[in-house]
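Numbering (this note's numbering), first residue to last: 4 to 124. By construction, the Cβ of each residue, glycine as well, lies at the ideal position given by its N, Cα and C atoms. Keep in mind it's a predicted model, so treat the numbers as computed, not measured. Working notes for the structure below.
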C-alpha cells in the first residue's frame, strides 16, 4: 500500500516538474526581459522556501527556473555562446559575459543528489 503511494507521489512530482518546466519555457520565450527576470526570481524564491518547508517539492520550482532560463537563451538575438556557468553574448560591436546562476543552482543540486545517493549506499 505504501509503495503504491510513493509511486503515485513520484509520478505527481514528475508531472508537476514538467509543468513547471513548460511554464518557465513559455514565459522565457516571451522575450520580455522583465517577465524572464521575474520568472527566474520568483522560481528561485519559491525554490528556497519549498526547500525549507517540503524539500521534495523544490524540484517543481527548479523546473520553472530552468524553463525560464532556456526560454530566455532561445530568444537572444545576439548569437549567445552558452558555456558552463557563463553566457557570452556577441552583439553589434560589443561582447557581454553573463553569469548564469540557474546553471550554478542546477549543478549544485546535482552534486547534492550524488552525495546523498553515495551516503545511502
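- Residue 26 and residue 36 have their C-alpha atoms spaced approximately 16 Å apart.
- The shortest CA-to-CA distance from residue 109 to any of 62, 40, 76 and 121 is the one to 62.
- Residue 86 carries a strand assignment under DSSP once its states are collapsed to helix, strand and coil.
- Taken through DSSP and simplified to helix, strand or coil, residue 103 comes out as coil.
- When only Cα atoms are considered, residue 91 and residue 104 end up about 14 Å apart.
- Excluding the 5 residues flanking it on each side, residue 79 has same chain C-beta neighbours closer than 7 Å at 92, in chain order.
- When rounded, the separation of the alpha-carbon atoms in residue 98 and residue 44 is 25 Å.
- For the pair residue 31 and residue 75, the CB atoms are nearer than the 7 Å cut-off.
- Secondary structure at residue 98: strand, using DSSP grouped into helix, strand and coil.
- Residue pairing from DSSP places residue 92 in a beta bridge opposite 99.
- The continuous alpha helix (DSSP H) containing residue 36 extends over residues 36-56.
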